[in-house]
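Each residue of the sequence shown is one higher than the one before, starting from 1143 at the first, in the numbering used here. A virtual CB, placed ideally from N, CA and C, is assigned to each residue, including glycine.
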Amino acid sequence: MKSIYFLTLVATTFFFACSSSDKYESNSPQASNSNEWELQILDSIQVDYLADVREGIFNEGIGIIKDIMGTTLVKFDSTGKILAKKEYPKEGPGTVMWLETLLMHNDVIYGTSSFSNIYKFDLDLNPIGTLEMPFMGEARGGAYNRRNIAVWNDKLLLWYPGRDGISPYIDHFYRDYPLLELYDLTAKTAKAVVRTPPTSQYSTDDFFERPYINFTIENDSLYLTFTNEAQVHIYAMGDSIQWARSIDFSPTDFKLIPGQKTEVTYTQSMQMNEARIHGIYSDQSHIIIAYHGGIDGDTFVNNNLKERENFHRYSEFRKDYLKIYQYGSGWSNEMIIPSKVKLLLNIESVDKPFYALRNDEFIGEEQDFLTFYKLQLVQK
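Right under this line is the structure:
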């Protein structure tokens, strides 16, 4: 096992050595030409289902979405055909409550829950039991479609705070406690893993807006982000998960509340809309970051955007972006995601089309079905 971990660390270090020269490579015409991308809308599909969808995935030609208000899952294919639809009871046998992030692995669909166990479904969406966590969870939701569960070596790495009764809402939780749980699917045991690295603002004594965590695993490396920090933190997977390096993705538009010596109050947070990373994706040669740049204080206050009835107007005032890290070439150009795109389901690879829910509120159309755009990243 030590030799495996050593090889993993060597491979990771090699990637870091390559990335350390990004500032030189990105200035060369060849690298610039080879790492310029654009986002294209190829087509759209319609799914004969209507609900307020905030959670979903799309892998290997199959999409699964969840209704925010109820406990319904809908499975569909790349033509929009519904393959399965299940509504689960909120009490009694087969209860499904507080279902959050979804993951498909080895013909099993896993669904995280803030409070207790991890749900399991078969490919027809039938419940097939749960993974019992060793303690009650302390997270209380608040964000949608997070990338906070991944598979590595028949283990699940997931955001599930609450070990020893520690709440993620206490002061300096991210500085002082492990962030994730590693659940062994064979042994059915879990252990706390992953500490905030010294490069992060959350390792300091300052206070910032409470973040959400997104991550992906590729090539035995973990790539982790805090939503309101323009860095990717990279760890080598092994018996223990060790931080190796952090890289800044240098967004041109990323408005944040500065760090301060006292906790950020609700009133402060309602005076602007902070930038946020809302997805990190990967394939064997790329890391893809999806984020929005936030809304400055004057625009936020002048348009009364703190009021719930105006939440749908955020797309009028902020921009969403994609940025790609290509091994050996560094970060790409920023690609603007059109405001008519509401929710990315997933990006499996830069070479494969992917799907995103259309923002019908923004374009002002009322339909009795859901529309998903078929998107593609195209290298210039």
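**Report entry** Beta-carbon gap between Leu-1499 and Leu-1485 smaller than 7 Å
**Finding:** yes
Report task. Could you check what DSSP says for Thr-1441 in three-state terms: helix, strand or coil? Result -> helix
Query raised in the report: DSSP on Tyr-1302, reduced to helix/strand/coil?
Result: coil
Query raised in the report: In angstroms, rounded to a whole number, what distance separates the CA positions of Thr-1331 and Pro-1276?
Result: 8 Å
Query raised in the report: Based on Cα-Cα distance, which residue from Glu-1242, His-1247, Tyr-1191 lies nearest to Leu-1225?
Result: Tyr-1191
Report task. State the start and end residues of the unbroken beta strand (DSSP E) segment that holds Phe-1263. Result -> 1260–1263
**Report entry** Span separating the alpha-carbon of Asn-1290 from that of Asp-1510
**Finding:** 31 Å
Query raised in the report: Is any heavy atom in the ligand NAD found nearer than 6 Å to the beta carbon of Leu-1447?
Result: Of the ligands one can find in the structure shown there are none, so the ligand NAD has no counterpart to examine.
Query raised in the report: Just the Cα atoms here: how many angstroms apart are Gly-1436 and Glu-1416?
Result: 5 Å
Query raised in the report: Do Met-1412 and Lys-1448 have their C-beta atoms closer together than 7 Å?
Result: yes
Query - Anticipated Cβ contact below 8 Å, Gly-1283 with Ser-1256, distance rounded - result: 5 Å
Query raised in the report: Hey, is the region 1388–1404 in contact with the region 1320–1328, meaning 3+ C-beta pairs nearer than 8 Å?
Result: no
Query - Where Lys-1516 falls: helix, strand or coil (DSSP) - result: strand
Report task. Going by CA-CA distance only, name the one from Trp-1240, Asn-1259, Met-1239, Gly-1380 that's closest to Asp-1296. Result -> Gly-1380
Requested in this report: Measure the C-alpha to C-alpha separation of Gly-1470 and Ala-1386 and round it to an integer number of angstroms.
Outcome: 18 Å
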